[in-house]
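Comments concern the structure below.
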Amino acid sequence: MTRKASAYIAGAFEHPTRKAPDKSVAQLHAEVAIGALEDAGLTKHDVDGYFCAGDAPGTGPLSMVDYMNLRLRHVDSTNIGGSSYLLHVAHAAEAIAAGKCDVALITLAGRPRSQGAERGIAPRRDNPVQPDFEWEHAFGLTTLNTYGMCAMRHMYEFGTTSEQLAWIKVAASHHAQHNPNAMLRNVVTVEDVINSPMVADPLHRLDSCVVSDGGGALIVVKPEIARSLKRPLIKIIGTGEAVRGQLGGAVDITTSAAVWSGATAFAEAGVTAADIKYASIYDSFTITVLMQIEDLGFCEKGRGGEFVSGGNLIAGVGRLPFNTDGGGLCNNHPANRGGMTKAIEAVRQLRGEAHPAVQVKNCALALANGIGGQLGTRHGSATLILERE
Amino acid sequence: MSETKNPAPPTNPETEMFWKAASEGRFILRKCTACGKPHWYPRAICPFCFSDKTEWQDASGRGTIYSYSVTRRAAEPYVIAYVTLEEGPTMMTNIVDCDSKKLAIGQKVRLVFKPAAAGPPLPYFRPA
Ligand SMILES: [Zn+2]
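Taken in order, these protein sequences are the chains called A and B.
For the first sequence, this note's numbering begins at 1 and goes up steadily by one.
For the second sequence, this note's numbering begins at 1001 and goes up steadily by one.
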């Protein structure tokens, strides 16, 4: 099951902006590309593979490749929502192993905050031709209320409480206080979360992620190039991807596709959840984190509420330090797509470049998981297991 | 929710019979005659066995709430829900004509068609 050939993440860059009224989306994509290439010690001319998703303006990769004027051998614009960029790391590693490219650039950028898009509240503007639209749109399906239904069912099946979910936000806020770029830097309490306004029962405002502008980029390279650079060697040792929906009507919204993508990634890496020192877990809402933690095997299914309580996700305090940049709940959620920043913070932790207050000691093995789309209807999950060599 | 009419769903050749039946006050489900299972949402191709031997069948309109959420940040708060039909499949809907504070997962509900802004009526559920 072990990978025959691997690839390395050599460059990672998170845009410092959280509100960019004076920049275009294409410009933000190019700025993060420059940042990640500088981080790796490579140039534009070294890039021969490019990966982007639905946030890239234009048809797939066409407009951004043209804007940046790249000369490529390989492109991929697989779009599974906010988890796309973790999947792109996997696909880049596969393309590198197959000899299709040597230096892959992955970009994400967007400015929903400047554009005033309230994606969580407004009914989703999906494509009327997509087959599910007809059966959902008219009922006022929103991102908020679909996750609300997941949380409501999880509470019913497993006895999960609002206080337990709140601990996830509390942990994220403990980390965000050390991040000067984070949108929400105040440490909050369980009471603060459950006393914040209810937005879609049983989720409160503080159970929800922020809306921010910004972006990020990653550089994935073949082993020979990774070893020629001056950066720590961050090896991709396991990847998994999966899509899960309503199962023909056998709806089960308390289990995510992470149960499949995680199993694939762990089997490939030859490690288990108990070995993971740090985890980036997609946090569109607190319930999103809880379900992934269970589905990835960090605890038994249904015991996530107990697992996250009492600060178990806080660096230096708990068993599983998570989202030490403050995550989507407190730091940022560029383009309403949080997968990119999950990979970036995992790379920082493995390099020992996280903020000293949240750096996990001897962090040699990390996991990043993303969920894209909606847990309550249909979504993608992408899992990455990364090792410092 | 009962006062504000929701937009009519777009229709297509694959599902137009559902909306025609809805206009006549009938609630129908798509069932596969090869594997015997009904599914949701309705498709020409069975999502369980890929057979194209699917047909419409009358459904009871009885079900139970699988999950729900009260959307507070709306002009008029409304209840989105998944309802598990007596026939098996679970479908997305709204719970209407109810006190949202008294709803519970597992509660029995019954189908009610209500007019959309235009076109055929929409399938909602209310406490049984
Ligand atoms: Zn069948």
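Ideal Cβ positions, reconstructed from N, Cα and C, are used throughout, including at glycine.
Quiz item: Are C209(A) and L329(A) closer than 8 angstroms when you measure CB to CB?
Solution: yes
Exercise. Apply the 10 Å Cβ neighbour rule to P959(B) and answer buried if 16 or more other Cβ atoms are within range, or exposed otherwise.
Key: In the structure as shown, chain B begins at 1001 and stops at 1128. Residue 959(B) is therefore absent and cannot be evaluated.
Quiz item: Comparing the C-beta of A1116(B) with each C-beta of chain A, is any distance below 8 angstroms?
Solution: yes
Self-check item: Whether I225(A) touches V89(A) by CB criterion (8 angstroms)
Solution: no
Quiz item: Of all the options P1120(B), F1125(B) and A1128(B), which has the alpha carbon lying nearest to the alpha carbon of E1016(B)?
Solution: P1120(B)
Quiz prompt | Where Q374(A) falls: helix, strand or coil (DSSP) | solution = coil
Self-check item: Residue burial classification, S83(A) (beta-carbon count within 10 angstroms, cutoff 16)
Solution: buried
Quiz item: Are the CB atoms of V358(A) and I168(A) nearer to each other than 8 angstroms?
Solution: no
Quiz item: Counting Cβ pairs, one atom from each stretch, are 3 or more of them under 8 angstroms apart for the region 49–64 of chain A and the region 5–16 of chain A?
Solution: no
Quiz prompt | Three-state secondary structure assigned by DSSP to H1039(B) | solution = H1039(B): strand per DSSP, three-state reduction.
Practice problem: With a threshold of 16 other CB atoms inside 10 Å of the CB of Q246(A), please say whether the residue is buried or exposed. | Solution: buried
Quiz prompt | chain A contact residues for S1176(B), given Cβ-Cβ distances below 7 angstroms | solution = Chain B is shown from 1001 up to 1128; residue 1176(B) falls before or after that span and cannot be answered.
Quiz item: In terms of alpha-carbon separation, which member of W260(A), V251(A), G249(A) and G373(A) lies closest to T239(A)?
Solution: Of the listed residues, the one whose Cα sits closest to T239(A) is W260(A).
Quiz item: So what does DSSP say about F1027(B), is it helix, strand or coil?
Solution: Coil.
Quiz item: Which bits of chain A does T1011(B) rub up against, with CB to CB less than 9 angstroms?
Solution: E134
Quiz item: For M1(A), which residues from the same chain have a beta carbon less than 6 angstroms from its beta carbon, with the 5 sequence-adjacent residues on both sides left out?
Solution: Unreliable positioning characterises M1(A) in this predicted model, as indicated by a pLDDT of 47, which lies under 50. The coordinate reading is nonetheless provided below. Here the set comprises A267 and E268.
Self-check item: Chain-ordered neighbours of I402(A) on chain B, where CB pairs are closer than 7 angstroms
Solution: Shown here, chain A extends from 1 to 389; a query on residue 402(A) therefore has no answer.
Practice problem: For G352(A), I'd like the list of residues in its chain whose CB is within less than 8 angstroms of its CB, leaving aside the five on either flank, ordered along the chain. | Solution: P232, Q359 and C363
Quiz item: How many Å lie between V170(A) and G370(A) at the Cα?
Solution: Whole-angstrom Cα-Cα distance: 20 angstroms.
Self-check item: Cβ-Cβ distance between N331(A) and M198(A) below 8 angstroms
Solution: Going by C-beta atoms, N331(A) is not nearer than 8 angstroms to M198(A).
Exercise. Out of L70(A), H154(A) and F51(A), state which residue places its alpha-carbon closest to the alpha-carbon of K301(A).
Key: H154(A)
Exercise. Measure from the alpha carbon of H137(A) to the alpha carbon of each residue in Y1041(B), A1128(B) and I1028(B), then state which is nearest.
Key: With distances taken between CA atoms, H137(A) lies nearest to Y1041(B) out of Y1041(B), A1128(B) and I1028(B).
Quiz item: Per DSSP, I385(A) is paired with what?
Solution: G238(A) and L367(A)
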